[in-house]
Amino acid sequence: MKLIKAFQRTLFVLLKVTFIVALFLIFFYIYRPESLELQRGFNRVSAIISSTFIVVCYMMLRVYGGLSFGHASTREIVFSTVMATAITDAVTYIQFCIMEKNVMSLWRLVVIFICQCVATVILIKLGNDMYSGINPPKKLLIIHNDDEKCRLVIKKLESYRHRFEIMKVMKSGEEEMHRSIRSAGAVMMIDLAPETESYICEYCYKRGKDVYLSPSIADILVNSARHEMFDDVTMLRYKSKGLSFEQRFYKRACDLIICVPMAIILLPLMILEAVAIKLEDGGKVFYKQERTTIDGRVFNVLKFRTMVEDAEKNGAVLAAKDDDRITKVGGFLRKTRLDEIPQLLNIIAGDMSIVGPRPERQELNEEYEKGLPEFSYRLRVKAGLTGLAQIEGNYNTSPKDKLTLDLMYIENYSLKLDFKIMLRTLVVVFLPHKSDGV
């Protein structure tokens, strides 16, 4: 069995290497820069540009989760991989123009990218089909204590039929639980008591079963804790600190270095958006609303108006998927997230950061905190234009799941994580289900 698993892993590693090599060959075969022609030998420029392409391509595939065969749908993998390829091509193109002091034809670059996209679709379809053939869906046992939450999770799992086949759904404590666990390939726990979760986790660990559970606040904190020894006694140290002074300094510096040039570059696009909004109904272009940021401080968030004027004259209400208050231009801006570009000014002013929890309205914060007091923990960092909850969840993700993702970001913060989230945000605008609601 171990030999078969090792062979399968080797097979998919080779497939991923083949993919990167294919993208590399397509780029340089179609482009054929003189400095890279074989008859002139493998010179310094050739080595640097080739190395850059391979390294950047590998890094971007890691960031976007490209080639994650079996763990996402073919469509999602294609989107992620195409984005990684586009960035790789752009970096390689810019580097070549600088090193060779010669501007490459952009039309040729477009042809290269189209050919790479075709190869991407073919190889990813092949890889996903191969993975499904070798690894059939796991038999999944769901153990729960909440019928409504269980139904919601089962509905979500419909998109993951390539990974799971629901074998059985049962309440915790049933007599057949142990036998069902032994028959399952994986166990998912929903809303169980901590002691029950702990027992089932240990039982599954002994039998080599995969376990899935919705993390509690304590789980997130323990996951970010540091291991310390007191003589021969093992302890986990957790310190509630938010971001350190050094982390806040570098985060603020990155915000300014990125947002000031971006605001200048995107100014023509902002003008076009403003004209489109004005032409549709003649109303105000911008929309200001009080939102909360670090330590509960209130500020005015700036966005392009996407609803009819006076849409909230009776109070703040979350937008629905087919909300008739949303204008035609506003619907497009929401789906593409272009309505949030003016928030660059909020970031420059210091009210927000590029990455952080989504800024919520004060009244909605208070409403969420009534049922979920821990929701206020999100305010330990500045609100963000994008964030882990925004790229992993949807606009209408539940408050508890938003809190979970935001706390995972805060407790595992690093500049590397910030840049990864920024890059992954580029994919979100092409995934419509990420923009449902508000």
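Residue numbers for the sequence shown, in the working numbering: 98 to 535. Virtual Cβ for every residue (Gly too), placed ideally from N, Cα, C. All values derive from a computational prediction rather than experimental measurement.
Asked, Found
"CA nearest to the CA of T185, picked from T171, S177, C154 and V215", "C154"
"Rounded separation between I221 and L514 - CA only", "26 Å"
"Residue from I174, I209 and E173 whose Cα sits closest to the Cα of A187", "I209"
"For F116 and G447, the rounded distance between their alpha carbons", "43 Å"
"Residues bridged to R458 (per DSSP)", "Partner(s): none; R458 has no beta bridge."
"Nearest-angstrom Cα separation, counted from E173 out to Q136", "Caution applies to Q136, whose pLDDT of 44 falls short of 50 and renders its modelled position unreliable; the value that the coordinates give is listed next. Whole-angstrom Cα-Cα distance: 41 Å."
"Run of the alpha helix (DSSP H) containing E370, from where it starts to where it stops", "L364 to D378"
"Buried versus exposed, by CB contacts within 10 Å (16 or more), I191", "exposed"
"Residues bridged to E302 [DSSP beta-bridge criterion]", "In the sequence as presented, Glu is not what sits at residue 302; that position holds Tyr. Note: Y302 sits in no beta bridge, so no partner."
"Limits of the unbroken beta strand (DSSP E) element including L237", "K235 to H241"
"C-beta contact flag for I145 and M196 at 8 Å", "yes"
"Any 3 or more C-beta pairs closer than 8 Å across the segment 377-395 and the segment 478-489", "yes"
"Element boundaries [beta strand (DSSP E), containing D329]", "Here D329 belongs to no beta strand (DSSP E), and DSSP marks it neither H nor E."
"Three-state secondary structure (DSSP) of I219", "helix"
"Whole-angstrom distance between T403 and F396, CA atom to CA atom", "20 Å"
"For S147, the first and last residue of its enclosing alpha helix (DSSP H)", "R141 to Y161"
"Through-space distance from L108 to I231, alpha-carbon basis", "11 Å"
"Proximity winner among K268, L289 and I263, relative to A283 (alpha-carbon distances)", "I263"
"CA-to-CA distance, T483 to S341, given in whole angstroms", "21 Å"
"Terminal residues of the beta strand (DSSP E) in which Y474 lies", "Here Y474 belongs to no beta strand (DSSP E), and DSSP marks it neither H nor E."
"Cβ shell of I278 (< 8 Å), same chain only, five flanking positions each side left out", "L238, V284, I297, Y300, C301, R304 and K306"
"Runs of alpha helix (DSSP H) lying entirely within the segment 255-320, each at least 4 residues, in chain order", "274-280, 291-303 and 314-320"
"Bridge partner(s) assigned by DSSP for C450", "Correcting the residue identity first, residue 450 is Ser in this sequence and not Cys. Looking at the DSSP assignment, S450 forms a beta bridge with G481."
"Rounded Cβ spacing between P439 and L376 (contact assumed at less than 8 Å)", "That pair is no contact at about 18 Å."
"Beta-carbon gap between G163 and S148 smaller than 8 Å", "no"
"Enclosing beta strand (DSSP E) for V398 [first to last residue]", "V395 to F401"
"Which of helix, strand or coil DSSP assigns to T390", "coil"
"Cα-Cα separation between L592 and S202, rounded to whole angstroms", "Absent from the structure is residue 592, since the part of the chain shown begins at 98 and ends at 535."
"Neighbour-count burial assignment, I444, 16 or more Cβ in a 10 Å radius", "buried"
"Stretch-stretch touch, CB-based, cutoff 8 Å, three pairs: the segment 419-431 with the segment 448-459", "no"
"Close-in-space but distant-in-sequence residues of the same chain around S165 (CB under 7 Å, 5 per side omitted)", "I174"
"Cβ-based neighbour list, C194, same chain, cut-off 8 Å, excluding 5 preceding and 5 following", "V200 and M201"
"Start-to-end residues for the alpha helix (DSSP H) that takes in M519", "L512 to V525"
"Span of the alpha helix (DSSP H), counted from its first residue to its last, around R431", "K425 to T433"
"Local conformation of S132 per DSSP, three classes", "Model confidence at S132 stands at a pLDDT of 47, short of 50, so the residue's coordinates are unreliable; what they give is reported in the following sentence. Three-state result, S132: helix."
"Inter-stretch contact at 8 Å, needing at least 3 Cβ pairs: the segment 238-255 / the segment 314-331", "no"
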